[in-house]
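Report on one structure; see the data block that follows.
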Amino acid sequence: MPRPRRAAAQKPAGHYAPTPGIRKSTTKSVASVRKSRKKKDQSRVDATIVDTVPDSPSQKQGKRKGGAGKDAMGIDMPPPAQKDPKGKGRSGGDPALIAAGAKGIEPIRESSPEPLDPAALALDLKNSYEGKILPPIQRPARQQRWKQPATNPIEHLEDVPKGWNSEEPDLHSDDLESQIARCHERIGDNIMVHQFEFKLKELLQQQESRNEMMAEEKPGLSWPVVQRLKTLNSMSNWLDSEGDEYELAPNVTNLIETYRSGQLKWNDGLVTYWAKGVQLCQPRPFKWNEYELISDQHHGQKGFWVEGFQGPGPTHQMMQWLTHGDPLNSSRFAAHMDICLKIHDLPHRRTKALRLSFLDDTGASVMQINRSDMLSLVNMNIDNQGNVPPHPKVLGLVGLSFADGSQAFLNCIRLEANMFDPTTGSWLSSVWHQIPVVLFDDTTSGPELRLNGPWPRFRMYSATAPGAECQTYFSDNHPTTMTVPVASVLDMNKQYPLPLLLPAVTP
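Count along the sequence shown from 1, add 108, and you get the number used in my numbering.
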């Protein structure tokens, strides 16, 4: 039985034509959307070489008013401003909101970053953005509180007051003291007491584990810093035992010293750049064009490190267990999709890309490929004179936490991603996206199934439909314009199929 494939996006006809400077309204019916599904053909080759998007006027996107304000280096700063000093509108706004009240839904707009001034950047690297950037999520006020008499508790969800829920959006998930106190309040409210007794038990276990970790470090360090120190110490041991191919150990050693001394704090949303153990900047927001320039200045193929681009503790790669074993005998509901990857374009020519098969893993926090895949991306771009292109630039070492409770460390590099629709012969994105990718070392153990990570859903809208096909539809148009299968009430009420009852897989 062929494994299910992810469906490609459905696009309005002519969507990929060159975009004019002023977008004209259209009344074309969404019924003209063309469908492109990933073929369920196991005989196909997983990796086929395709050329990258040529430079063309279609990459020039129209600009709209509205967007976040920027400082001198283009960093997002509150409050939002409508225009920059040059009068050029920044792209902004949710396409879903823009589409409201319009007949045609606007596709997602993209633009390339503006060129950097190296001299201005060098000066700005000395400035710290700690405390100057609004947190990405503003927590709301506490929800309405309901209480029930102890003599008449509510024990079933269908009986709770309308609007009641068990979430605490006003509390940070790491604020265990507040979460525990809230649990005691909820238990006293006599609504779904068993739910909060269960949650309280989990929170107390987390608190005990945290207290043990905090006791291992000197007093005064924050919980994120303590988590980071534990991760960095594990990274240091891993580099000693497994080898330091990318020469990252000096960065890890000096990061440990800097955190322990209190000279560096953990700042959500901010990063610091390091090269061969030397800190290159104060905490600042991450930008790919800044990373590109700074890593170029420090030969970023080795010895370079971006601290803070992942969380303080291990990154979740929750479905990794699915990648062990024969992919033809994997679960019927383990869906796959194709993504194109390439190394960065060379100064005088575009690089070729590989179209690779990925397991669609919503539990993976970062894209994962094999080391052999990365070497193929490099080797296929050797020119006729035998010149080998530079290897991808390194971002650092990433700690991964798997669904079975185990942890591992993988080197992380920068690659570029896109998706190709073979039916329309066009790319789903007008620009290639720079993304972090971790490398599984398949030198001795053989390759693993690749994990797509969060990029497809970060970049595009997605939609699914009830049924056993496990198709996901991706598009840069709002889901209201996407054509997906319609399931009947009978389809939606079918019993979940047990894998043992499914047809046997034939080799």
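For every residue, glycine included, the Cβ atom is placed at its ideal position computed from N, Cα and C.
- Take leucine 233, set aside five residues on each side of it, and the residues of its chain with a beta-carbon closer than 6 angstroms to its own are Cys389, in chain order.
- Beta-bridge partners of methionine 482 (DSSP): none assigned.
- With a threshold of 16 other beta carbon atoms within 10 Å, alanine 511 falls short and is exposed.
- Taken atom to atom, the span from the alpha-carbon of proline 422 to that of leucine 508 is near 5 angstroms.
- In chain order, Arg114, Ala443, Met445, Asn560 place their CB closer than 6 angstroms to the CB of aspartate 468, counting only its own chain and leaving out the 5 sequence neighbours on each side.
- In this structure, leucine 224 and glutamate 398 form a Cβ contact; the two beta carbons are roughly 7 angstroms apart against a cut-off of 8 angstroms.
- Taking C-beta atoms under 8 angstroms as the contact rule, glutamate 556 and phenylalanine 548 qualify, at a distance of about 5 angstroms.
- DSSP links tyrosine 381 through a beta bridge to Val414.
- The Cβ-Cβ distance between tryptophan 374 and proline 420 falls below 8 angstroms.
- Where proline 269 is concerned, there is no enclosing alpha helix (DSSP H), because DSSP gives it neither an H nor an E.
- Within the same chain, Cβ atoms closer than 7 angstroms to the Cβ of leucine 454 are found at Pro497, the five residues on either side in sequence being excluded.
- DSSP places glutamine 405 inside the alpha helix (DSSP H), whose first and last residues are 396-405.
- Residues of the same chain with a CB within less than 8 angstroms of the CB of leucine 311, apart from the 5 flanking positions on each side, are Leu284, Gln287, Ile288, Cys291 in chain order.
- For threonine 361, the secondary structure class from DSSP, reduced to helix, strand or coil, is helix.
- Across the set Pro243, Asn273, Thr531, the C-alpha of Asn273 shows the shortest separation from the C-alpha of glutamine 251.
- Of the other Cβ atoms in all chains shown, fewer than 16 fall within 10 Å of the Cβ of serine 317; this residue is therefore exposed.
- For alanine 571, the CB contacts under 6 angstroms within the same chain, skipping 5 residues up- and downstream, are Tyr581, Pro587, Met590, Val592 in chain order.
- A buried status is given to methionine 475, since no fewer than 16 other beta-carbon atoms sit within 10 Å of its beta-carbon.
- Taking 8 angstroms as the cut-off, the beta carbon of proline 257 is found closer than this to the beta carbon of asparagine 298.
- With 16 or more other CB atoms across the displayed protein chains lying within 10 angstroms of its CB, lysine 307 is buried.
- When DSSP assignments are scanned along the region 456-541, the uninterrupted stretches of alpha helix (DSSP H) that are 4 or more residues long and fall wholly within it turn out to be 479-487.
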